[in-house]
Structures are given as C-alpha cells and as structure tokens.
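The working numbering applies: residue 257 is where the sequence shown begins, and numbers increase by one. The beta-carbon is built from N, C-alpha and C at its ideal position, and this holds for glycine as well.
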Amino acid sequence: MSADRKLYRQRHLRRKRKLEVAQVFENLVGAVQSDPEPIRPSDSCESDVSVNFELFEETKINESSADQLKCWSVKHNFTHSALSDLLIILRASGISLPLDLRNLLKTPKTTLTRLVHPGIYTHITIKRYLESVLPLCNNLTDVVYLQFNFDGLPLFHSSAVQFWPILGKVFQNAIKHDVGDVFTVGLYVGNQKPTSPNDYLSEFVTELKLLTETGIIIKNQIIEVKVHIFICDAAARAFVTCIKGHSGYHSCGKCETQGDFCTIE
C-alpha cells in the first residue's frame, strides 16, 4: 500500500470516528431534550467542560443513554482517559451519566471459577451472548445455528501455562449469515490440559442441552437453537471424544474395521 493511500485511509478512519461521536452525542442530547426537566450545568462553571459535581450526586442516571455509550466505547476500543473526558463533556451538557467510567462500564471485579484438575475453569455462558447479540439483528429468524471450537493455546515459551478456550459462532438463515463475532463460552487455564474432558465440558454440555431443548426468548419470540458443527484439530478432537490420539494404532474415530500392520520388505 502506497504512502498516499495509507494517509487517505487514516484520514477516512478519523473522519468516520468523528461522525460516530457526533451521532452518539446527538442521540444523547435528544434524550435529554425529551425530558421535561433536563439537568443544566451550574452557572459557576469555570469553563465549558468543567462541572459542579455536587449537582449530580442525587441525579437518576439515564440507563438507555449509559448503555448506548458503554456499547459504543467498547466497540471502538476507546481508552479510559478518553472516555473519562467524554463523560465530563456530556455531563456539562446536561446529560445524566455516571461520574466515573467504572460505574459506566460496570466491569466485574471478580470471576467465578471452579477447579478442573490440574487447573481452573470459568464458564461465561452461551445464553448471555445470544441475549446481547440477537436483539441487534434486523431480520431475526426462528432458528439460529451454533458452531463451536475446542483447542489448546500455549501462552509462553518459558512456562507450561496454557489456555483451553471453548469458542462459539452464531449463524442464521441456514448458515448463510453470521451474527456477531466469535465469542468465548468458557476458558480453562493450567499447566497441563484438563485431565478429564467430562469435567472440562460439563457446564458447556448442560447449558447447550438446555438451549437446544427449550430455545431462547428474544423480543418476545422463541428462537430455536441448533448445533451446526464442532470444529477441532486432530489432537483436540481425540481429547474431547475420549479416543486414541491421531498417531496411535486404530485411532480413526470413524473406521469400524481394524486393519493389520504390515511391514514391506
């Protein structure tokens, strides 16, 4: 890519981000103007962006505006310092938002884990992701299809610590249209891969079985959930299906007839 084209692309991305900021700001201001008693900044403010925080201590936060801003900031990977400055500007304009970005993002401080020998596992759930992404679909179908992947991931060259994530992908319209991004269903971390695949996959299997039997309710509509495919390499497939590794004798998971090993002289 030439230098001129790189410069043009950078300018285009900056212009696009400015337009998105303006759109979000306009939506938030519109929500405030629709309120019969909008909040106004104090006349004693020293500048356009300074705020008398005492005026907002007892103010009820506009949940829809806060959620919209939170999703937008996460989507575009804004830094915390930039988001903090934006909150000050929006509050100075009379928009009811949290004073601190940590209250806006509501990032969990703890993660629920359980012991899966020889490491630990956390289950993030499939349902939570479906409830967040499916309402955003313009043409939501009656059936969604799920694809899953299991695989090991070494983290460091100098350590045996490794991840074994369970990843998922959502499709609809008979696998023709994907929905959202690849998401994490669960995550195992340890110095070795899980000793028992049954223990490792127990929460995943329980939740997936419930979803496929009962479906999920989105916009007062019951959406049927089906599994399309499990995607694994040879080693991971042998692990989760509890069969011999791909380099062992009679290790094919599909063949039913055992062959004889012959040495050609």
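DSSP bridge partner residues for residue i (one or two, in chain order)
i, result
"Val372", "Gly375"
"Cys401", "Checking the sequence shown, residue 401 turns out to be Tyr, not Cys. For Tyr401, which the question treats as bridged, DSSP gives the partners Phe427 and Lys482."
"Gln477", "Ile474"
"Thr440", "Leu423"
"Pro410", "Gln418"
"Val435", "Val426"
"Ile487", "Asn405"
"Val445", "Ile376 and Phe419"
Member of the options whose CA lies at the smallest distance from the CA of residue i
i, options, result
"Ile485", "Lys449, Thr519, Lys425 and Val441", "Lys425"
"Gln403", "Val389, Ser507 and Val438", "Val438"
"Gly442", "Tyr401, Asn429 and Leu464", "Leu464"
"Asp489", "Val481, Ser503 and Ile479", "Ser503"
"Lys326", "Lys362, Leu346 and Asp341", "Lys362"
"Ile473", "Lys383, Ser329, Arg347 and Lys510", "Lys383"
"His379", "Lys482, Arg261, Thr468 and Ser458", "Ser458"
"Tyr385", "Val399, Gly436, Asp398 and Pro374", "Gly436"
"Leu377", "Thr451, Leu392 and Thr519", "Reading the sequence as shown, one finds Tyr at residue 377 and not Leu. Selected option, being the one with the closest Cα: Thr451."
"Leu467", "Val483, Ala338 and Pro410", "Val483"
"Ala492", "Ile479, Val481 and Gly509", "Gly509"
"Val481", "Tyr401, Thr462, Lys449 and Pro453", "Tyr401"
"Gly375", "Arg347, Thr513, Phe460 and Lys449", "Lys449"
"Cys393", "Gly501, Ile520, Ile479 and Cys511", "Ile479"
"Thr440", "Phe412, Ile520, Phe334 and Thr381", "Thr381"
"Phe460", "Thr470, Leu423 and Gln514", "Leu423"
"Glu469", "Gly515, Ile487 and Val399", "Val399"
Close beta carbons around residue i, own chain, < 8 Å, minus the five adjacent residues each side
i, result
"Pro354", "Ile317, Ala322, Leu343 and Leu360"
"Tyr505", "Phe517"
"Glu387", "Ile472 and Ile474"
Cut-off 6 Å between Cβ atoms - residues of its own chain near residue i, not counting five sequence neighbours on either side
i, result
"Asp455", "Val372"
"His336", "Leu357"
"Gln477", "none"
"Pro364", "none"
"Ser340", "Leu357"
"Arg265", "none"
"Ser329", "Leu339"
"Cys511", "none"
Neighbourhood of residue i by C-beta, 7 Å cutoff - its chain only, sequence neighbours within 5 removed
i, result
"Thr397", "Gln428 and Asn429"
"Glu391", "A small correction: the amino acid at residue 391 is Pro; Glu does not occupy that position in the sequence shown. Cβ neighbours of Pro391 beyond the five flanking positions: Ile474 and Lys475."
"Gly501", "Ala491, Ala494 and Ser507"
"Pro453", "Phe495, Val496 and Cys498"
"His433", "Phe427"
Closer than 9 Å to chain B by CB, residue i
i, result
"Ile474", "Absent from the structure: chain B. Only one protein chain is present."
Just checking, does the region 401–417 make contact with the region 481–501 on the three C-beta pairs under 8 Å criterion? yes
Give a yes or no on contact between the region 445–453 and the region 411–420, applying the rule of three or more CB pairs nearer than 8 Å. yes
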